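A.B. asks:
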Amino acid sequence: MKATLHIGRGSVKHNDRNFNLDNARHIDQTRQNENFYINRYLDDTITFEECERRYYQENYLQGLEAQNEKYRKRRQYGYIRTIDDLMKAEKTQPREIILQIGNKDSHPDREVLLQCIYQFNEEFNRRYGTNAHILDIAMHGDAITNHAHIRLILDYTD
Numbered sequence: 039m040k041a042t043l044h045i046g047r048g049s050v051k052h053n054d055r056n057f058n059l060d061n062a063r064h065i066d067q068t069r070q071n072e073n074f075y076i077n078r079y080l081d082d083t084i085t086f087e088e089c090e091r092r093y094y095q096e097n098y099l100q101g102l103e104a105q106n107e108k109y110r111k112r113r114q115y116g117y118i119r120t121i122d123d124l125m126k127a128e129k130t131q132p133r134e135i136i137l138q139i140g141n142k143d144s145h146p147d148r149e150v151l152l153q154c155i156y157q158f159n160e161e162f163n164r165r166y167g168t169n170a171h172i173l174d175i176a177m178h179g180d181a182i183t184n185h186a187h188i189r190l191i192l193d194y195t196d
């Protein structure tokens, strides 16, 4: 069985199913209970988008405001950025990893994929430590093939 790993931008609303599911024919709404969602705050009352915004505000707002103040003093108003700008910019937006094992015809059950997600998380934290942060994880059991969306942000301090 083949494992597939894709890294890209992704869609936070797709991941936590925070959109009109009637428009998504590839999602079996009767299997919604097979999905698994977790965010870095372990708060199931917030959406993934709210989780990511909170993380950006807690970790990048102070630096962003300091940089914006420098731009204001120089009258370079076109360079001033917001948290939303950071969350959408090519270099600073979250990245998404999609992990899938098998294909629509042959794939492991939900529990095997969940175990792989846990192992991925442990290895990811061991390798990248404080420079990489997993923001949220969605395991979709309501699709044709079980798969996981893992959203993360990479940073460093200079």
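Reading the sequence shown from the start, the letters are residues 39 to 196 in our numbering. Backbone N, C-alpha and C define an ideal beta-carbon position, used for all residues, glycine too. Computed from a predicted structure; not experimentally measured.
Is the distance from the Cβ of Tyr194 to the Cβ of Asn169 below 8 Å?
C.D. replies: Sequence index remark: in the sequence shown, residue 194 carries index 156 (1-based). Sequence index remark: in the sequence shown, residue 169 carries index 131 (1-based). Against a cut-off of 8 Å, the Cβ pair of Asn169 and Tyr194 comes out as a contact.
A.B. asks: DSSP state of Gln138, grouped into three classes?
C.D. replies: Within the sequence shown, numbered from 1, the residue matching residue 138 stands at position 100. If DSSP states are grouped into helix, strand and coil, Gln138 belongs with the strands.
A.B. asks: Determine the direct distance from the alpha carbon of Gln95 to that of Gly101, and round the result to whole angstroms.
C.D. replies: Translated into positions along the sequence shown, residue 101 becomes position 63. Translated into positions along the sequence shown, residue 95 becomes position 57. Spanning the two alpha carbons is a distance of roughly 10 Å.
A.B. asks: Count the C-beta pairs between the segment 171 to 188 and the segment 68 to 86 that are closer than 8 Å, then say yes if the count reaches three, no if not.
C.D. replies: As far as the Cβ criterion goes, the segment 171 to 188 touches the segment 68 to 86, which means the pair count is three or higher.
A.B. asks: Determine the burial state of Arg55: buried for a count of at least 16 other Cβ atoms within 10 Å of its Cβ, exposed for fewer.
C.D. replies: As a working mapping, residue 55 is identified with position 17 in the sequence shown. It counts as buried.
A.B. asks: Going straight from the alpha carbon of Asp60 to that of Arg113, what length do you get?
C.D. replies: Your numbering for residue 60 matches position 22 in the sequence shown. Your numbering for residue 113 matches position 75 in the sequence shown. Between Asp60 and Arg113, the C-alpha separation is close to 48 Å.
A.B. asks: Are the beta-carbon atoms belonging to Gln131 and Arg78 less than 8 Å from one another?
C.D. replies: Here the question's residue 131 lines up with position 93 in the sequence shown. Here the question's residue 78 lines up with position 40 in the sequence shown. Cβ distance not < 8 Å, so Gln131 and Arg78 don't count as in contact.
A.B. asks: Grouping DSSP H, G and I as helix and E and B as strand, with all else coil, what is Arg133?
C.D. replies: Numbered from its first residue, the sequence shown carries residue 133 at position 95. Here Arg133 sits in strand by DSSP.
A.B. asks: Whose CA, out of Asp143, Ile139, Ile65, Tyr166, lies closest to the CA of Leu152?
C.D. replies: For the purposes of this step, residue 152 is taken as residue 114 along the sequence shown, with counting starting at 1. Selected option, being the one with the closest Cα: Ile139.
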